[in-house]
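Quick notes on the structure that follows.
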Amino acid sequence: MITFESVTKRYPDGTVAVDALNLDVPDGKTMVLVGPSGCGKTTSLRMVNRLIEPSEGRILLNGDDIRAQHPSQLRRGIGYVIQQTGLFPHRTIEDNIATVPVLNGWKRAKARARARELLDLVGLDQTLARRYPHQLSGGQQQRVGVARALAADPPVLLMDEPFSAVDPVVRGTLQDQLIALQRELRKTILLVTHDIEEAIKVGDLVALYRPHGTLAQVAPPERLLAEPADDYVAGFVGFDRGIRRLSFFPADAVSLSAGPVLPTDATAASALKSGEPWILVVGAGDDPRPRGWVAADRLAGLDGETRLGDVAVDGFGHTFTVGDDSLRAALDAAVLSPAGQAVGVDADGRVLGVASFDQLRAAVQAAREADDAAAGAAP
Amino acid sequence: MMWSWIPGNWSLIWQLTRANAFLGIVSPLIGLAISVPLGIAAARWRWFYPPVLTVINIVYAVPALALFIALIPAYGLTNTPVVIALTAYSLCIIVPNVVAGLRAVPAPVRQAATAMGYGPLRRLITVELPLAVPVIIAGLRVAVVSSISLATVGQLIGVSSLGYLFVDGLQRSFPTEIYVGLFLIIALALICDLILVGLRRVLTPWAATRSGRLPAFAGLRSRALVPWAPLGRP
Chain A
12 MITFESVTKR YPDGTVAVDA LNLDVPDGKT MVLVGPSGCG KTTSLRMVNR
62 LIEPSEGRIL LNGDDIRAQH PSQLRRGIGY VIQQTGLFPH RTIEDNIATV
112 PVLNGWKRAK ARARARELLD LVGLDQTLAR RYPHQLSGGQ QQRVGVARAL
162 AADPPVLLMD EPFSAVDPVV RGTLQDQLIA LQRELRKTIL LVTHDIEEAI
212 KVGDLVALYR PHGTLAQVAP PERLLAEPAD DYVAGFVGFD RGIRRLSFFP
262 ADAVSLSAGP VLPTDATAAS ALKSGEPWIL VVGAGDDPRP RGWVAADRLA
312 GLDGETRLGD VAVDGFGHTF TVGDDSLRAA LDAAVLSPAG QAVGVDADGR
362 VLGVASFDQL RAAVQAAREA DDAAAGAAP
Chain B
1127 MMWSWIPGNW SLIWQLTRAN AFLGIVSPLI GLAISVPLGI AAARWRWFYP
1177 PVLTVINIVY AVPALALFIA LIPAYGLTNT PVVIALTAYS LCIIVPNVVA
1227 GLRAVPAPVR QAATAMGYGP LRRLITVELP LAVPVIIAGL RVAVVSSISL
1277 ATVGQLIGVS SLGYLFVDGL QRSFPTEIYV GLFLIIALAL ICDLILVGLR
1327 RVLTPWAATR SGRLPAFAGL RSRALVPWAP LGRP
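Chains A and B, in that order, are what the protein sequence lines are. Residue 12 is where the first sequence starts when you use this note's numbering, and the numbers rise one by one after that. Residue 1127 is where the second sequence starts when you use this note's numbering, and the numbers rise one by one after that.
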């Protein structure tokens, strides 16, 4: 647990970077500090490991004032990841990762063995252990940065714009990996970003800063989208927050219809008899994977005995996986589908049914009401 | 060119070469030993660097011969005035490189080291200095090559070096001696420079793998290898 108790950082020229900040970061949670540049989010972060000393107030780590410890000692118990990685260019990857264990007095062999474990943990190949940082890609370097921060198994991790310097595709991968790691490790993470999408994706809690070091709102990401505290928050979160909020609702609740789904060995006549304007053709027998949509109008012009497998079909965009994807993915699938219906599949890609906009709307409404009720009951 | 002169004077040539090598190598090494702490101080306390730079630049502006002569009253006609003068010139070259090398350590690296829990001294020794090594060695290369060359001027105050061959050759109008001296100075400088390049490769394997782009003879681009430069020094 990290606690900021009315922490203020004022510089000699009178600039106030952080203004009477009160914030609790619960154990095992990821708290994302987000806001415009110059809002004091990075200053807040750096005060936790005393790279910057507060002017007023105090910061507690598990109830103890951080000033009770020698700075170097304190820092060895707090992982630190920065945007430019800050890897040591003159040390191999394994020695970079082993930095804090070695500082803590471990034997080099033991520290290197630990480094190898961490390479595995962050999904890097063992063959990279003896390379130097500049021989790695930006994404790989960033993973090494995370591995180095985790090497001494600190309970707290500070991450300062950790993924801002890599391209969007790599960034997405690294974010997914952080989420997966955190599910396993349950560290107390304080992460700074200027990217609200990143905050909403990786945060258990989001602290949104106003300019000049005050907080606008602290809330779980779905509540930030559902109930922005004021116009500033709503503006920062962005105008399509309704759609984005749907990423927090699972698609399981969508009712699926099997009516328009027919296998390749069904006939055109049987498809027309169903009365559906669009038919989703799937594989026959035990392989019901989607093949594509075909309009009833097109089938009407064909011989009734034609097999659906022999008819040209339109693409189905993408499917959504029941039990894994969110309502946002389901809605997107419907928007992209020529039939205006989303194809729901199981984990193996077998079609479970399709959902129309009406069915999706009902699911969205139900999920929203349930979420608001839960938030109201336990604020 | 009288080739037969060479075998006849082999022991003289060998003795002069050794004396020249001693002056040209020991002085920059002493210079390095002084430059590193001085450079660290100048890099750490910014106000300290401008006065240091001013002083070493003034020293650098003093003609070599004048500096040798000025030191004679204190040390006599020994190696010492030459070593002191060449050490002073080496400082002028190496101190700025130590400062530049330390300043070139990327800020995120320094910050990460602090955040990992390095104290200032440990960070300096295990992170910042190793990263400054290529720049420091680049300065050392220039200092060694120019010291080997400048040492010959010591001959004018009677301190033995390959400069003897220039002075003697000139007095006797005997160009062979001058050519031999010239050749040996260049060869000595080249060998020392190659050794330092090798040393850098060994000390900084992380920089060597970057690519072979560091020019092997960067240190030789100083005026030191222009044989008349030492005498023409301001």
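Think of the CB as a built atom: it goes at the ideal place given N, C-alpha and C, for glycine as much as any other residue.
Distance between residue 114/A and residue 1244/B (C-alpha atoms, nearest Å) | On the second sequence, position 118 is the one that residue 1244/B refers to. On the first sequence, position 103 is the one that residue 114/A refers to. Taking the straight line joining both Cα atoms gives about 8 Å.
Of all the CB atoms in chain A, is at least one closer than 8 Å to the CB of residue 1228/B?
-> Indexing the second sequence from 1 puts residue 1228/B at position 102. For residue 1228/B, the answer is no, since every Cβ of chain A falls outside 8 Å of its Cβ.
Please check the pair residue 200/A and residue 45/A, which I expect to be a contact at CB under 8 Å, by giving their CB distance rounded to whole angstroms.
-> By 1-based counting over the first sequence, the position of residue 200/A is 189. By 1-based counting over the first sequence, the position of residue 45/A is 34. The pair is not a contact, with the Cβ atoms about 14 Å apart (cut-off 8 Å).
How would you list, in chain order, the residues of chain A whose beta-carbon sits under 9 Å from the beta-carbon of residue 1323/B?
-> Within the second sequence, residue 1323/B is the residue found at index 197, counting from 1. Those do not exist, as residue 1323/B stays about 18 Å from chain A at its closest Cβ, beyond 9 Å.
Residues that residue 1258/B contacts on chain A, provided the C-beta gap is smaller than 8 Å = Counted from its first residue, the second sequence places residue 1258/B at position 132. Those do not exist, as residue 1258/B stays about 10 Å from chain A at its closest Cβ, beyond 8 Å.
Cβ-Cβ distance between residue 265/A and residue 355/A below 8 Å | Counting from 1 along the first sequence, the entry for residue 265/A is found at position 254. Counting from 1 along the first sequence, the entry for residue 355/A is found at position 344. For residue 265/A and residue 355/A, yes; Cβs fall inside 8 Å.
8 Å contact criterion, which residue 100/A and residue 145/A should meet: CB distance rounded | Taking the first sequence and counting its residues from 1, the one referred to as residue 100/A is at position 89. Taking the first sequence and counting its residues from 1, the one referred to as residue 145/A is at position 134. Contact flag correct, Cβ pair sits at about 6 Å.
Would you say residue 83/A reaches chain B, if we count a Cβ-Cβ gap shorter than 8 Å as a contact?
-> Counted from its first residue, the first sequence places residue 83/A at position 72. Yes, because at least one Cβ of chain B sits closer than 8 Å to the Cβ of residue 83/A.
Complete runs of the alpha helix (DSSP H) confined to the segment 129-180 of chain A [at least 4 residues] = Unbroken alpha helix (DSSP H) stretches of 4 residues or longer found wholly inside the segment 129-180 of chain A: 149-161, given in chain order.
Take every Cβ of the segment 1157-1168 of chain B, pair it with every Cβ of the segment 1214-1224 of chain B, and state whether three or more of those distances are shorter than 8 Å.
-> yes
Under 7 Å Cβ-Cβ, which residues of chain A neighbour residue 1241/B?
-> The residue given as residue 1241/B occupies position 115 in the second sequence. Under the 7 Å cutoff, chain A gives 60, 62, 86, 91.
Under the assumption that residue 311/A contacts residue 43/A (Cβ atoms under 8 Å), give the Cβ distance between them as a whole number of angstroms.
-> For the purposes of this step, residue 311/A is taken as residue 300 along the first sequence, with counting starting at 1. For the purposes of this step, residue 43/A is taken as residue 32 along the first sequence, with counting starting at 1. No, residue 311/A and residue 43/A are not in contact; Cβ-Cβ is about 54 Å, not under 8 Å.
Determine whether the Cβ of residue 1264/B lies closer than 8 Å to any Cβ atom of chain A.
-> Along the second sequence, one-based indexing puts residue 1264/B at 138. No, no contact with chain A.
Which one or two residues does DSSP pair with residue 84/A in a beta bridge?
-> Taking the first sequence and counting its residues from 1, the one referred to as residue 84/A is at position 73. The partner list for residue 84/A (beta bridge, DSSP) is empty, contrary to what the question assumes.
Through-space distance from residue 1199/B to residue 1303/B, alpha-carbon basis = As a first step, residue 1303/B is located in the second sequence; it is residue number 177 there, counting from the start. As a first step, residue 1199/B is located in the second sequence; it is residue number 73 there, counting from the start. Distance between the alpha carbons of residue 1303/B and residue 1199/B is about 31 Å.
State the DSSP-derived secondary structure class of residue 332/A, mapped to helix, strand or coil.
-> Here residue 332/A corresponds to residue number 321 of the first sequence, with the count starting at 1. Strand at residue 332/A.
Using a threshold of 8 Å, state whether the C-beta atoms of residue 344/A and residue 304/A are closer than that.
-> Residue mapping note: residue 344/A aligns to position 333 of the first sequence, counting from 1. Residue mapping note: residue 304/A aligns to position 293 of the first sequence, counting from 1. No; because the gap between Cβ atoms is not below 8 Å, this pair is not in contact.
Give the range of the beta strand (DSSP E) segment to which residue 118/A is assigned.
-> As a first step, residue 118/A is located in the first sequence; it is residue number 107 there, counting from the start. Careful: residue 118/A lies outside any beta strand (DSSP E) and carries neither H nor E.
Kindly list, in the order they appear in chain A, the residues whose Cβ is closer than 8 Å to that of residue 1363/B.
-> What the structure shows of chain B is the stretch from 1127 to 1360, and residue 1363/B is not part of that stretch, so it cannot be assessed.
For residue 90/A and residue 166/A, the rounded distance between their alpha carbons | Here the question's residue 166/A lines up with position 155 in the first sequence. Here the question's residue 90/A lines up with position 79 in the first sequence. Going by the C-alpha atoms only, they are around 8 Å apart.
Residue 143/A CB to nearest chain B CB: under 8 Å?
-> Counting from one through the first sequence, the residue named residue 143/A turns up at place 132. Closer than 8 Å: yes.
Going along the segment 98-124 of chain A in order, which residues come within less than 7 Å of chain B, judged by CB to CB distance?
-> Within the segment 98-124 of chain A, the residues whose Cβ lies closer than 7 Å to some Cβ of chain B are 99, 100, 101, 110, 111, 114, listed in chain order.
Cα separation between residue 95/A and residue 1237/B?
-> Looking up residue 95/A in the first sequence gives position 84. Looking up residue 1237/B in the second sequence gives position 111. Their Cα atoms are separated by approximately 11 Å.
If you draw a straight line from the alpha carbon of residue 359/A to that of residue 336/A, how long is it in whole angstroms?
-> In the first sequence, counting from the first residue as 1, residue 359/A sits at position 348. In the first sequence, counting from the first residue as 1, residue 336/A sits at position 325. Approximately 13 Å, taken between the alpha carbons.
Out of curiosity, what's the CA-to-CA distance linking residue 387/A and residue 130/A?
-> Walking along the first sequence from the start, residue 387/A turns up at place 376. Walking along the first sequence from the start, residue 130/A turns up at place 119. Looking at the two C-alpha atoms, the distance is approximately 43 Å.
Quick one: any contact between the segment 314-325 of chain A and the segment 267-278 of chain A, if contact means 3 or more CB pairs under 8 Å?
-> Taking a cut-off of 8 Å on C-beta distances, the segment 314-325 of chain A touches the segment 267-278 of chain A, as three or more cross pairs fall below it.
Residue 1224/B touches chain A at which residues, Cβ-Cβ below 7 Å?
-> One-based indexing of the second sequence puts residue 1224/B at position 98. Result: empty, since nearest Cβ-Cβ is about 17 Å, beyond 7 Å.
Status (buried if at least 16 other CB within 10 Å, exposed otherwise) for residue 79/A = As a first step, residue 79/A is located in the first sequence; it is residue number 68 there, counting from the start. Residue 79/A is exposed by the Cβ-count criterion.
State the DSSP-derived secondary structure class of residue 287/A, mapped to helix, strand or coil.
-> Along the first sequence, read from residue 1 onward, the residue named residue 287/A stands at position 276. In this structure, residue 287/A counts as coil in the three-state DSSP scheme.
When the Cα atoms are used, what is the spatial distance from residue 224/A to residue 170/A?
-> Start at 1 with the first residue of the first sequence, and residue 224/A comes out as number 213. Start at 1 with the first residue of the first sequence, and residue 170/A comes out as number 159. Residue 224/A and residue 170/A: Cα-Cα distance of roughly 18 Å.
Bounding residues of the beta strand (DSSP E) (the contiguous stretch that carries residue 301/A) | Within the first sequence, numbered from 1, the residue matching residue 301/A stands at position 290. 301-306 is the span of the beta strand (DSSP E), which, as asked, contains residue 301/A.
Using three-state DSSP, classify residue 89/A as helix, strand or coil.
-> Indexing the first sequence from 1 puts residue 89/A at position 78. Reduced to three states, the DSSP call for residue 89/A is strand.
What are the start and end residues of the beta strand (DSSP E) that includes residue 15/A?
-> Here residue 15/A refers to the residue found at position 4 of the first sequence. Segment 13-21, the beta strand (DSSP E) holding residue 15/A.
Taking 8 Å as the cut-off, decide whether the C-beta atoms of residue 1422/B and residue 1263/B are in contact.
-> Shown here, chain B extends from 1127 to 1360; a query on residue 1422/B therefore has no answer.
Bounding residues of the alpha helix (DSSP H) (the contiguous stretch that carries residue 209/A) = Position 198 of the first sequence holds residue 209/A. Here the alpha helix (DSSP H) through residue 209/A covers 207-213.
is_contact[residue 1169/B, chain A] using C-beta, thresh 8 Å = Start at 1 with the first residue of the second sequence, and residue 1169/B comes out as number 43. Residue 1169/B does not count as touching chain A.
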